[in-house]
Structure formats: C-alpha cells, structure tokens
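Everything below concerns the one structure shown next.
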Amino acid sequence: MNARLLPLLATLVIFLVAYAICYAQYPAMLSTRVIGNLLTDNAFLGIVAVGMTFVIISGGIDLSVGSVIAFSGVFIAVMLRDTGLHPVVVFALLLTLTTLFGAAMGGVIHFLEMPPFIVTLAGMFLARGMAYVLSIDSVPITHEFYEVLQRSYWLMPGKGRLTLIGGMMLIVFIAGIMLAHRTRFGTNVYAVGGGVQTARLMGVPVGRTTVGIYALSGFLAGLAGIVFSIYTSAGYSLATVGVELDAIAAVVIGGTLLTGGSGFVAGTLIGVLIMGLIQTYIIFDGTLSSWWTKILIGMLLFAFIVLQKGLVWTTGKRRMAGG
Amino acid sequence: MTGLKLFSRRILPQLVTLAVVVGLISIMFPGFFEISIANGRLYGSPIDILNRGAPVALLAIGMTLVIATGGIDLSVGAVMAICGAMAAWGITEGYGLGLTLLMALAAGLACGLWNGLLVAVLGIQPIVATLILMVAGRGIAQLITEGAILTFNHEGLIFFGSGSLFTIPTPIIIAIVTGALVTLIVRRSALGMLIEAIGINLRASTLAGVNTRVLLIAVYMASGLCAALAGVIAAADIRGADANNAGLWLELDAILAVVIGGTSLLGGRFSLIASLIGALIIQAVNTGILLSGFPPEFNLIIKAGIILIILVLQSPTIRTMVIFLSPAPVSQADTEKQAVNQ
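Below you can see the structure in the form of structure tokens.
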C-alpha cells in the first residue's frame, strides 16, 4: 500500500471512531441538523485551511490569514456603511486586494529569499494594523443582500440546513482537490515542496508558483473573510485571532507533511471536521470546559506529527534497503 | 582591544536605531527624560520603557539561544501563561513564596524539556514542535486556574512585578541579572560557540563530537526558564494569572527583538546584548506611539514596516546586488603595492 495514504487513512479512521463514540453517547449527533451546523460553524476555517494546505505542501507557512480575515470583515463593513456600493462590488474589490496582498508576500519570499515564517509574520501585523486603522469598534452589517445570503439554505432530509456558507466551503474543497491533483499548478506546488532545487532543475517555474501559492492563500483568506462576515453580520478588527494556528492544526491533522511535498486537500476537510467535532462534543456534554478543546487539539497534533515522523523514517529505511 | 572594537561594530546599528527612536520621541515629547524618585522607586518614561520591556527582554534572551541553533520557540507566550498560573495557584494554595517560585520555574523547565525532546530526540522541525505547546499551553494554564482569573495578594510575590530594589523596579533587575548571567555562561565557556556550530550545521557538529542532543535540549530548557521568569513577572504585575491573555503574542515580539538584534533566523552567530537592545527598541516604539498621541492602532503597521526593512537588509539577494553595484574593491595587488610604498 502507498505509505503516503497512511496519514490520510489514520485521519479518516480517527474521525469515524470519534464520531461513533459521540453517536453512542448522544444519538442526536448523527442528525443532519448537527452535521449542517458542523459545516456552517467551520465554513470560514475550512476555506482558509484549503489555502493553508497548498502553502504547507509547498513547504511554506502563512501566518497572515487570521489577520486577513479580520481585515476583510472590517473592510466590507466599513465600505457598506460609508459608500453606496453593492456588496458584490465590495466582495470583488476585497478579493482583488487580498489576492494582491498574498501575491506580494509570495514575491518577497521568492525574490528576497527570506523564510516564509517571518515574511508572513510581517503580513500578519500589517493586515491586523490596517483593520485597526479602518475601525477599532465592531461595525454591524445591515444590508438586505446580507439577509438574503444568510437566509438561503438547502433543507436536507431530517430538517438539517446546508447553509450557503457551508455549501461554499464544500465547493472550495472540491475546487481545491481539482486544483491540486488535476492541474499543472498543483503538480508544480508538490514539486516545489519536494525540493526547490530539484523543481527548478526539472523546469518548474518556481517564482511564478510561489507567488501563485501565496496569492491563492490570500484569495481564500479574503473569501473566508466574506464567509465570516456573513456568519457574524459584522466586521471586527479583533476577530479571528489565532485562526492561522487552527488552520495549520487542521492541515497537520489532515495528514499533510509539514516538511512539504506530500499531503491531500481532502485530508484537511476531515481535519477541520475533527476539530469541529471536538467542539460540538464539548457543547453536547455541557460539563467539560472549553479549554479541553485546546488540549485535545494539541494532543492530536502531537500524535499526528509523531505518526508522520515514523512514516518518513520507515519509508526512508525501506528506500535505503531497496536501493 | 580588537574584540571590543568588533563587538561595538556589531551592536552599532541597533544602538543607532534605539538612539533615533528615543530621539524622535524626545522631540515630540520634551519631558521624556524626566526621572523622579517617589516612594523609594524611580519613575519616568525611560524607566517605564525598561520596566515594560523586561518580559520581552527575558523572552528574547532564551529566544536568541534557540534561534542561534537554527530553531524557533513559538511556545514562550503559552509557557508564560502556564508559569504565571502555576505561581498564582501555588501562592493561593499557601505553599509559601520559595516553593511557589520553584514550582513556577520547574514548570517552565518542564515545558522546555518537552520542546527540546521533540526537537532533539524525535527530530521534529522546531516550528512544528513548539506549535503543539503553543496551542495546548493556554488550555493547560486554564486547567491550573480552573478557567478563572486567579488573583492573589501576597506581598512577596507582588514584589517581583511592581516592587523595587535600590529604587530600581524588580523586573528590570531580573532581566539585567539574567542577561548578564547567560552572557557570562555562554561567552566565558565554549557553550556559545557550540550553540553557533549547531546552528550553522547540525550534522557536522554532531560528527565533530559536539553532544548536539543534550545541548539542544538545554537550549530549549533555557528558553522555558526565561519564559517562566517573564510569566511570574507578568502575573505579579497584575496580581493575578490570566490564562487567556498573559504573554499573548509576546513570542512574536521576542522573535522580532532577536531579528532586530541582527541574529539570522537561519541560525549561527548570535548576540544577546543586541537582542536585548532589540527588545528595548520595540518597547520604545510602543511607548513612543502612546506618548506622541498617535492612535495605538498604528503600532502594528510600524512593526510590519520594521520587519520589512530588516528583511530587505538581511536578504541574500539584496546583498549580492549591493556587492555587484558597489565600486570595485581594492584588489590584492593594489594593497600590496601600497604596503611596499609605505
């Protein structure tokens, strides 16, 4: 069996076992209502995690996404309050802005040859600072178009609601899977993650790919910001602090190798759902405190990192023995 | 003598930056340098910068060592929260000051040991290894405080946050003593050089007989200990342990301080003094923005600007370009000719 599939399989098994345990205790967990809420509540995290998956597969990291989501929310709210533009126009403006922002970070990473960690750290400060400058207070969004967006959902059998934003997350995941496995760009991302030097020798346009990866992450962070503003009907500059960590955790739990070069967008979806499941279980239980979420996610992270390490080690050994 | 000359050249950019920042503040705010003594303690903006900058300075000491090995410690903010919670819990449970401090410092060492084991024994990249504790640490801190903000009223413990010794606030003394001790230990022995060797090439130093495993663990434990000291100071300062907000984002400030101090994130040569000056620069910018009446929102944008400038200065591409564009250096033959003429 392909060793690369093992982390994905482990994630899937953990998710199913966890869901089974939850179901045994609370049969209502399997209702489409809970599943619908699980998708809606984690929509913005899922969308941003898709972008993070590409970044991590390429061997980088993007710390700016949480701040970009907060900036997007404030930007939309302030634009809708102060100008007469239609939300769709504001969305287009915002997505252009965040995509360019991501592309700029990718450019700095590639052309200045600096570690992504510190470049995106600067991006994180910059985006959060811009959000503060636009508004410190929480700005409510009261546009009738927003109410239309919030009210549109598909009623699943069993009275569960697949909301627009939940559905959007699923679409982004499908698009992400297509992009990763069915396009040249996706192959290039894997190649860059496998080794920049090797990729360059094989003729992969490393610069264009790096800029593209961070532009994609910026675009998806902007999209997640739109989804988050629909979810909360407000823009707040202090919102979504630390979402980049949740996204990284979801990607790692989803079985993507943090050294780059190996991973699956589909795994990230399961990673996001596992994290959402932990939170849902804690809400269902009622006696457990919310800080257990953090500790459990930390433990899961640890387990997966050790699992990955073991896999890399055994495949390395096998390769040594074989060749 | 040449050593001293090299050293002063090494920290010159940082000193100039600090002087420029402080100079700008004093132009905009003339009363900046006024220092007064009240209740047996120094007061004034410069003292305030030192005092507020002490936790970041402490974190920067440990972070410098970690970054010098080519690693990074993202967990220091969370470790601060854990150790602050430990101190508050110990004192409210009535364990006495000595035992409480010991427990808090031991908690920091244990966190450092955990990080060190993951990095040195399991061989996990430092960003990832310390990310685990960064995510889980605040949960552990909340477990200790049971979700509440644990307040205390113990004079002995509060002394570490807002007390003073010989009119100097305690946090400043702790930071200076720690900085001096660590500098002495790493620079008066071969330890500093060995740490730099690990940062330059881990494999080569292992092959050369450096016990890299033990040294790496020790470095992460030192970072944990520094974070523990900073956590105790932060908790004592507000007379309570706030598991959610203690040390929040301070890991980023500490990394920034080290980067401003000129230590490369890729590992290798480091300077503790330059990192400490870096921490002071950050705090001076913070205080300056507050004093000058700018909205504090600009703080983050200015920090982003500082990082960008440093990135450009440190970038290998730009360096090559500067060398390429600069006038041709005096060649070997020319210098020899000059030597003969003299």
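For the record, the sequence lines run as chains A and B.
FYI, the numbering used here numbers position 118 of the first sequence as 118, with every residue one higher than the one before it.
One gets the numbering used here by counting positions in the second sequence from 1 and adding 323 to each.
By construction, the Cβ of each residue, glycine as well, lies at the ideal position given by its N, Cα and C atoms.
Report back the beta-carbon spacing between residue i and residue j to the nearest angstrom; my notes put them in contact at under 8 Å.
| i | j | result |
| --- | --- | --- |
| residue 491/B | residue 341/B | Their Cβ separation, rounded to whole angstroms, is 20 Å, which puts residue 491/B and residue 341/B out of contact at 8 Å. |
| residue 383/B | residue 602/B | 5 Å |
| residue 480/B | residue 559/B | 5 Å |
| residue 125/A | residue 623/B | 4 Å |
| residue 139/A | residue 234/A | 6 Å |
| residue 566/B | residue 465/B | 4 Å |
| residue 57/A | residue 263/A | 5 Å |
| residue 344/B | residue 608/B | 6 Å |
| residue 135/A | residue 105/A | Actually they are not in contact, since the Cβ atoms of residue 135/A and residue 105/A sit about 24 Å apart, beyond 8 Å. |
| residue 210/A | residue 110/A | 4 Å |
| residue 258/A | residue 448/B | 6 Å |
Using the beta-carbon of each residue, which ones in chain A are nearer than 8 Å to residue i?
| i | result |
| --- | --- |
| residue 582/B | 118 |
| residue 337/B | The premise fails here: residue 337/B is roughly 18 Å from chain A at the closest Cβ pair, so nothing lies under 8 Å. |
| residue 588/B | 115, 117 and 118 |
List the residues of chain B whose Cβ lies closer than 7 Å to the Cβ of residue i, in chain order.
| i | result |
| --- | --- |
| residue 53/A | Chain B residues near residue 53/A: none, gap ~15 Å exceeds 7 Å. |
| residue 249/A | 458 |
| residue 306/A | 445 |
Chain A partners of residue i, CB-CB under 9 Å?
| i | result |
| --- | --- |
| residue 592/B | Under the 9 Å cutoff, chain A gives no residues; its nearest Cβ is about 17 Å from residue 592/B. |
| residue 621/B | 129, 132 and 133 |
| residue 457/B | 245 and 298 |
| residue 634/B | 108, 112, 114, 118, 119 and 122 |
| residue 463/B | 291, 294, 295 and 298 |
| residue 466/B | 289, 291, 292 and 295 |
| residue 631/B | 108, 119, 122 and 126 |
Rounded to whole angstroms, what's the CA-CA distance from residue i to residue j? Just pull it up for me.
| i | j | result |
| --- | --- | --- |
| residue 497/B | residue 626/B | 26 Å |
| residue 561/B | residue 215/A | 42 Å |
| residue 9/A | residue 646/B | 52 Å |
| residue 279/B | residue 539/B | Absent from the structure is residue 279/B, since the part of chain B shown begins at 324 and ends at 665. |
| residue 640/B | residue 329/B | 25 Å |
| residue 324/B | residue 592/B | Summary for residue 324/B: the model assigns pLDDT 47, below 50, so the residue's position carries little reliability; its value from the coordinates is reported in the next sentence. Roughly 20 Å between the two C-alpha positions. |
| residue 423/B | residue 499/B | 23 Å |
| residue 100/A | residue 530/B | 46 Å |
| residue 107/A | residue 206/A | 11 Å |
| residue 132/A | residue 618/B | 10 Å |
| residue 217/A | residue 226/A | 14 Å |
| residue 11/A | residue 273/A | 10 Å |
| residue 513/B | residue 533/B | 11 Å |
| residue 537/B | residue 388/B | 14 Å |
| residue 323/A | residue 95/A | No answer about residue 323/A holds up, because its pLDDT of 40 lies below 50 and its placement is not dependable. |
| residue 548/B | residue 585/B | 23 Å |
| residue 573/B | residue 155/A | 46 Å |
| residue 20/A | residue 30/A | 9 Å |
| residue 208/A | residue 183/A | 15 Å |
| residue 484/B | residue 200/A | 54 Å |
| residue 327/B | residue 4/A | 54 Å |
| residue 13/A | residue 250/A | 15 Å |
| residue 583/B | residue 360/B | 32 Å |
| residue 297/A | residue 381/B | 29 Å |
Which chain B residues are close to residue i, counting only those with a beta carbon under 9 Å from its beta carbon?
| i | result |
| --- | --- |
| residue 138/A | Ordered by position in chain B, no residue passes the 9 Å Cβ test against residue 138/A, which lies about 15 Å from the chain. |
| residue 301/A | 451, 454, 455, 458 and 459 |
| residue 309/A | 445, 446 and 447 |
| residue 201/A | The contacting residues do not exist; residue 201/A stays about 20 Å from chain B at best. |
Mind listing the chain A neighbours of residue i? Cutoff is C-beta to C-beta under 7 Å, in chain order.
| i | result |
| --- | --- |
| residue 627/B | 122, 125, 126 and 129 |
| residue 470/B | 289 and 291 |
| residue 575/B | 121 |
Show which residues of chain B have a CB atom less than 8 Å away from the CB atom of residue i.
| i | result |
| --- | --- |
| residue 209/A | Within chain B, no residue comes near residue 209/A; the closest Cβ sits about 18 Å away, beyond 8 Å. |
| residue 259/A | 448 |
Open item on the list: For the structure I just gave you, are there three or more beta carbon pairs, one from the stretch 168 to 177 of chain A and one from the stretch 69 to 79 of chain A, closer than 8 Å?
Closed with: Between the stretch 168 to 177 of chain A and the stretch 69 to 79 of chain A, the count of C-beta pairs closer than 8 Å stays below three; the two stretches do not touch.
- [ ] Would you list, in sequence order, the uninterrupted alpha helix (DSSP H) runs of no fewer than 4 residues that lie entirely inside the stretch 587 to 614 of chain B?
- [x] DSSP runs (the alpha helix (DSSP H)) wholly in the stretch 587 to 614 of chain B: 595 to 614.
Open item on the list: Closer than 8 Å is the cut-off here; do at least three beta carbon pairs connect the stretch 422 to 442 of chain B with the stretch 528 to 547 of chain B?
Closed with: These segments touch.
Open item on the list: Any contact between the stretch 44 to 55 of chain A and the stretch 216 to 227 of chain A? By contact I mean 3 or more CB pairs, one from each, below 8 Å.
Closed with: Judged by pairs of C-beta atoms under 8 Å, the stretch 44 to 55 of chain A touches the stretch 216 to 227 of chain A, as three or more such pairs exist.
Open item on the list: Using a Cβ distance threshold of 8 Å, determine whether the stretch 372 to 387 of chain B contacts the stretch 515 to 524 of chain B, with at least three qualifying pairs required.
Closed with: Output reads no: the stretch 515 to 524 of chain B does not touch the stretch 372 to 387 of chain B.
TODO: Within the stretch 143 to 167 of chain A, note down every full alpha helix (DSSP H) run reaching 4 residues or more, in order along the chain.
DONE: The stretch 143 to 167 of chain A contains these whole alpha helix (DSSP H) runs: 144 to 151.
- [ ] Tell me the start and end of each unbroken beta strand (DSSP E) in the stretch 362 to 412 of chain B that is at least 3 residues and wholly inside, in chain order.
- [x] Counting only runs of 3+ residues, the beta strand (DSSP E) found wholly inside the stretch 362 to 412 of chain B occupies 364 to 366, in chain order.
Open item on the list: Please give the ranges of any alpha helix (DSSP H) in the stretch 237 to 294 of chain A, keeping only runs that are unbroken, at least 4 residues long and fully inside the region.
Closed with: Secondary structure remark: continuous alpha helix (DSSP H) runs of at least 4 residues inside the stretch 237 to 294 of chain A, in chain order: 243 to 253 and 265 to 285.
- [ ] State whether the stretch 566 to 583 of chain B contacts the stretch 496 to 515 of chain B, with contact taken as three or more CB pairs (one from each stretch) at a distance under 8 Å.
- [x] Result no; under three Cβ-Cβ pairs closer than 8 Å.
TODO: Indicate whether the contact test is met: 3 or more Cβ pairs, each with one atom in the stretch 288 to 301 of chain A and one in the stretch 265 to 279 of chain A, closer than 8 Å.
DONE: Yes: the two stretches touch, three or more of their Cβ pairs being nearer than 8 Å.
Open item on the list: Tell me whether the stretch 31 to 47 of chain A and the stretch 163 to 173 of chain A touch, counting them as touching only if at least three CB pairs, one residue from each stretch, are closer than 8 Å.
Closed with: With a cut-off of 8 Å, the stretch 163 to 173 of chain A and the stretch 31 to 47 of chain A count as touching, because enough Cβ pairs lie within range.
Task: alpha helix (DSSP H) segments (min. 4 residues) lying fully within the stretch 522 to 600 of chain B - done: Counting whole runs of 4 or more residues, the stretch 522 to 600 of chain B contains the alpha helix (DSSP H) stretches 525 to 530, 535 to 561 and 573 to 583.
Task: Three or more C-beta pairs below 8 Å linking the stretch 464 to 478 of chain B and the stretch 406 to 419 of chain B - done: The way I'd put it, the stretch 464 to 478 of chain B does touch the stretch 406 to 419 of chain B; three or more beta-carbon pairs between them come closer than 8 Å.
Open item on the list: Three or more C-beta pairs under 8 Å: does that hold for the stretch 296 to 307 of chain A against the stretch 451 to 458 of chain B?
Closed with: Three or more Cβ pairs drawn from the stretch 296 to 307 of chain A and the stretch 451 to 458 of chain B lie within less than 8 Å of each other, which places the two stretches in contact.
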